[in-house]
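Each residue of the sequence shown is one higher than the last, beginning at 1 in full-length UniProt numbering.
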Amino acid sequence: MPAIQKPMRFGHTEGHTDVCFDDLGSYIVTCGSDGDVRIWEDLDDDDPKSINVGEKAYSCALKNGKLVTAVSNNTIQIHTFPEGVPDGILTRFTTNANHVVFNGDGAKIAAGSSDFLVKVVDVMDCSQQKTFRGHDAPVLSLSFDPKDIFLASASCDGSVKVWQISDQTCTISWPLLQKCNDVINSKSICRLAWQPKSGKLLAVPVEKSVKLYRRETWNNQYDLSDTFISQALNVVTWSPCGQYLAAGSINGLIIVWNVETKDCMERVKHEKGYAICGLAWHPSCGRIAYTDAEGNLGLLENVCEPSGKTSSSKVSSRVEKDYNDLFDGDDTNNAGDFLNDNAVETHSFTKRIINDEEEDDDLMLASGRPRQRSHILEDDENSVDVTMLKTGSSLLKEEEEDDQADSIHNVPLVTSQRSFYDGPMPTPRQKPFQSGSTPMHLTHRFMVWNSIGIIRCYNDEQDNAIDVEFHDTSIHHATHLSNTLNYTVADLSYEAILLACESTDELASKLHCLHFSSWDSSKEWIVDMPPNEDIETICLGLGWAAAATSAMLLRLFTIGGVQKEVFSLPGPVVSMAGHGEQLFIVYHRGAGFDGDQCLGVQLLELGKKKKQILHGDPLPLTRKSYLVWVGFSAEGTPCYVDSEGIVRMLNRGLGNTWTPVCNTREHCKGKSDHYWVVGIHENPQQLRQGREYWLKVAFHLLLQPFILNCDLELNKLVAF
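Here is the structure:
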C-alpha cells in the first residue's frame with residue numbers, strides 16, 4: 001500500500017526548520033527560525049505547546065526527557081521534556097551552532113558550529129567536553145555511530161569526516177560536497193546518518209544520490225538513486241530497523257529505499273515543492289515527519305513498515321468506521337456476519353484478543369481519558385465485537401490465501417496507540433553550584449563574586465590561572481595564582497581564600513586555603529579528601545571553613561586547617577553559604593515532580609554554643625523553578641534567589657518563615673534580561689541589571705586632569 005501524505009500544517013515562520021520524535025513516538029517536536037520549539041501530540045494538534053529558546057533555533061534533539069537545541073546566541077541549551085523547563089547551557093561556541101544530535105543512550109550530545117569546531121559534551125556533566133578540530137569551514141551536520149566509537153561530520157569545506165571519539169582523531173575524510181563559505185550558501189545541509197543498531201553503513205546525501213560507506217573499511221559499498229530525483233538531496237534518515245532509508249531533496253521530493261534490495265519503495269512529492277530540511281522516522285511504526293524551508297510540518301503514514309504491518313492508525317480508522325456503520329440504521333449486513341461461517345471461525349480469535357487486553361484494562365482506565373465506543377471490547381462471554389469480527393475475518397481470509405499460519409500474531413491491536421498515564425514525572429535533580437559563580441565550561445569565568453571581592457579563572461591555551469581582587473584593597477592586595485590542580489570552586493572572605501578541585505585518576509579531591517590574615521607564617525594549607533569523595537561546594541565564615549562532598553558529608557575546618565567536625569547531610573548538597581558564625585546549607589530532601597525541586601535547608605550557628613536553627617525544613621521555591629543563589633544579607637539574614645527572580649529572606653520574627661522581598665523579573669526591560677545577584681543589603685538595594693550572569697568586569701580608571709605649567713621663564717618653556 002502506498003504511503004499516505006497528510007495535509008501540511010503551518011509550524012514556524014519562513015526559514016530553516018528541524019523535526020524529531022520523542023522516545024515513544026508520542027510527540028512530534030519541531031523548531032524554526034522564529035526561535036520557538038513546538039511540541040505536537042499529532043499533526044492534527046491545534047494547540048501545540050510552544051517553548052521560546054532564543055531568537056532562532058537551528059536544530060533540536062530529544063532523548064530521555066532531555067530536549068537540546070542549537071540556538072542563534074551561539075549556545076547549546078537543554079530543557080526538560082515535555083515541561084520545557086530550562087536546565088542550563090551545555091556548551092558555547094563563538095558563532096552559531098548549526099546541528100546537535102544525541103548518541104544512542106542519550107548520555108552525550110555532539111554539536112557542530114560555524115567556527116569550524118565539533119564538540120562532544122556529557123549531558124550530566126557539561127565540563128566533560130571533547131573538541132574536534134580539522135574542518136576548514138562551518139560544520140553542516142553530525143551523526144553518532146550507534147556503538148559510540150565514531151562520529152561523522154559534514155562541512156562547508158566539502159569534506160565528510162569520520163572521527164574516533166576516544167582520541168579525537170580523524171579516521172577518514174572524503175571530499176564529497178561542493179565547497180562554500182557559509183551554511184546559508186551551501187547547496188545542501190547534508191544531514192548524514194548511521195545505520196541503526198549495527199552501524200554497519202554510513203549514509204551520506206551527495207548531489208542526486210545517497211552514498212553508503214561500510215564501517216571499518218570505509219569503502220563506498222554502493223549508491224542509492226532514482227530517476228525521479230532531479231535536484232540535490234538534503235537530508236536522510238533510517239527506519240528504526242535499519243532496513244529502509246528515506247531521503248528528502250531541495251525541491252520537495254521524499255523517496256524511500258529498501259537498502260538490501262536497493263529498490264525504491266516510496267516516492268512522495270511536496271505539495272508546493274519546498275525544500276525538505278527536516279526528516280524523522282517514527283521509532284515504532286511507519287510514519288515519517290518532515291519539515292520544509294517555509295516552516296511547514298508534514299506527515300507520511302503507511303510508509304513501508306519494517307515488520308510488514310499496516311499502520312496502526314489506518315487499522316484504527318477502518319475499525320472505527322465499521323463500528324459506526326453498525327448504528328447507521330441498516331443492520332442487515334451486520335446481522336449476517338453473525339450467521340455465516342466466518343462468525344464461527346473468528347469467535348475464538350476475537351475472544352483471544354479480548355482476553356489479552358483484559359490485563360491492561362485497568363491501566364487504560366487510569367489514563368483518565370474516556371473510552372470511545374469503537375475501542376470497547378465487552379467482557380460478556382456471549383457478546384462479540386462486530387468490528388473485530390470483520391477485521392479478524394478479513395485477516396483470516398488473507399492468511400488462507402498467503403498460507404501464513406503465524407501472521408495472526410502480527411495483527412495490530414487498536415489499543416496500541418493509546419497512551420498510558422505513567423504517573424507524575426520526576427524532575428531532574430539540580431546539580432551542586434557555588435553562589436556567585438558562572439558556568440564551568442566557560443574558558444574565562446567567575447569562580448565567585450561576593451561583597452568581599454572577585455575570583456576569576458582563566459583556562460585557555462595561553463593561560464591557566466586564577467586572579468583574586470578585593471573591592472577594598474585595604475583588606476589585601478590583588479593576587480595571581482597558578483591553577484595547575486584545576487580548581488573549580490572558590491570562596492572569599494575577609495580572612496582567607498578557599499579553593500577546591502575534583503579528584504582525578506592520580507590525585508584526590510583537594511581543599512586549599514590561603515589564610516592571608518594569619519598572624520604567623522602559616523598562611524597556606526591543603527587537605528586531601530578520602531578516595532571516591534569529591535568536594536562539590538565550599539564556604540567561609542568567621543574563623544572556619546566548610547566543604548560539602550559527594551559522600552553527603554560536611555567537613556568543618558578551623559581557618560588554620562584543623563578539621564573540627566564531620567557530619568552527614570540528609571541529602572545531596574545543592575549549595576551553601578557562610579556569614580560570621582552562621583552556616584546555611586541547602587540540599588535535596590527527595591525527588592521533585594512535574595518540574596519542581598524538593599529542597600531542604602539547615603541553618604547552624606557555630607559559636608561557642610553550637611545550635612541548629614533550621615532542622616531540615618523545606619525550602620519554598622516558585623513553581624517549576626530552581627535555586628540560583630544562596631547567601632546572607634550584609635546584616636546577616638539568610639537569603640536565596642530562584643530562577644524566576646524571586647528573592648526570599650528569613651523572617652525570624654514569624655517562626656523562621658521565608659518572606660519574598662523582591663521580584664527581579666518585574667524590573668527587567670526585556671525577556672532576555674536578568675538580575676545576577678552578588679550581594680544583598682536590607683537597607684539600600686545593590687542590584688546589577690543585565691544578562692543571566694555577568695561576562696566581564698569593566699573597571700573604571702581614575703584619570704588625573706592635565707594642568708599646563710604657566711611659568712613663563714624661557715628655560716622652562718623650552719624644557720616643556
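The C-beta atom is built at its ideal place from N, Cα and C for all residues, glycine as well.
query	result
Helix, strand or coil at residue 64 according to DSSP, with G and I counted as helix	coil
Residues that residue 233 bridges to, as DSSP identifies them	249
Buried versus exposed, by CB contacts within 10 Å (16 or more), residue 474	exposed
Pick from 232, 489, 211 that is closest to residue 195, judged by C-alpha positions	211
Segment contact flag, the stretch 456-473 with the stretch 517-533, C-beta cutoff 8 Å, min 3 pairs	no
DSSP-derived helix/strand/coil call for residue 135	coil
Beta-carbon spacing of residue 251, residue 221 below 8 Å	no
Start and end residues, beta strand (DSSP E) containing residue 293	No beta strand (DSSP E) contains residue 293, which DSSP labels as neither H nor E.
Three-state secondary structure assigned by DSSP to residue 667	helix
Runs of beta strand (DSSP E) lying entirely within the stretch 255-282, each at least 3 residues, in chain order	263-269, 276-281
7 Å Cβ shell around residue 681 - same chain, five flanking residues per side excluded	633, 634
Endpoints, beta strand (DSSP E) assigned at residue 104	Premise fails: residue 104 is in no beta strand (DSSP E) and is neither H nor E.
Residues bridged to residue 111 (per DSSP)	100, 119
Member of 243, 489, 565 whose CA lies at the smallest distance from the CA of residue 281	243
Collapsed DSSP secondary structure at residue 492 in the structure displayed	strand
Opening and closing residue of the beta strand (DSSP E) in which residue 453 lies	453-459
Element boundaries [beta strand (DSSP E), containing residue 146]	It is not in any beta strand (DSSP E) - residue 146 carries neither H nor E in the DSSP assignment.
Touching by the beta-carbon criterion (3+ pairs, under 8 Å), the stretch 104-117 and the stretch 140-157	yes
Per-residue DSSP class, three states only, for residue 653	helix
Supposed contact pair residue 561 and residue 527 - C-beta distance, whole angstroms, cut 8 Å	7 Å
Close-in-space but distant-in-sequence residues of the same chain around residue 622 (CB under 6 Å, 5 per side omitted)	642, 644, 646
Residue burial classification, residue 498 (beta-carbon count within 10 angstroms, cutoff 16)	buried
Burial state of residue 96 (16 or more Cβ within 10 Å)	buried
Residue burial classification, residue 10 (beta-carbon count within 10 angstroms, cutoff 16)	exposed
Spatial distance of residue 652 from residue 615 (CA atoms)	14 Å
Within the stretch 529-604, ranges of the beta strand (DSSP E) (whole runs, at least 3 residues)	535-540, 544-549, 553-558, 563-568, 573-579, 582-588
Euclidean distance between Cα positions of residue 135 and residue 563	52 Å
C-alpha distance - residue 456 paired with residue 237, whole-angstrom precision	45 Å
Simplified DSSP assignment, three categories, for residue 185	helix
Closest residue to residue 617 among 600, 629, 533 (Cα-Cα distance)	600
Residue 56 in three-state terms, based on DSSP	coil
Cα-Cα separation, residue 240 to residue 598	37 Å
DSSP three-state assignment for residue 466, whether helix, strand or coil	strand
Separation of residue 595 from residue 22, as counted between CA atoms	18 Å
Beta strand (DSSP E) segment containing residue 221, residue limits	220-224
Residue 76, DSSP secondary structure in three states	strand
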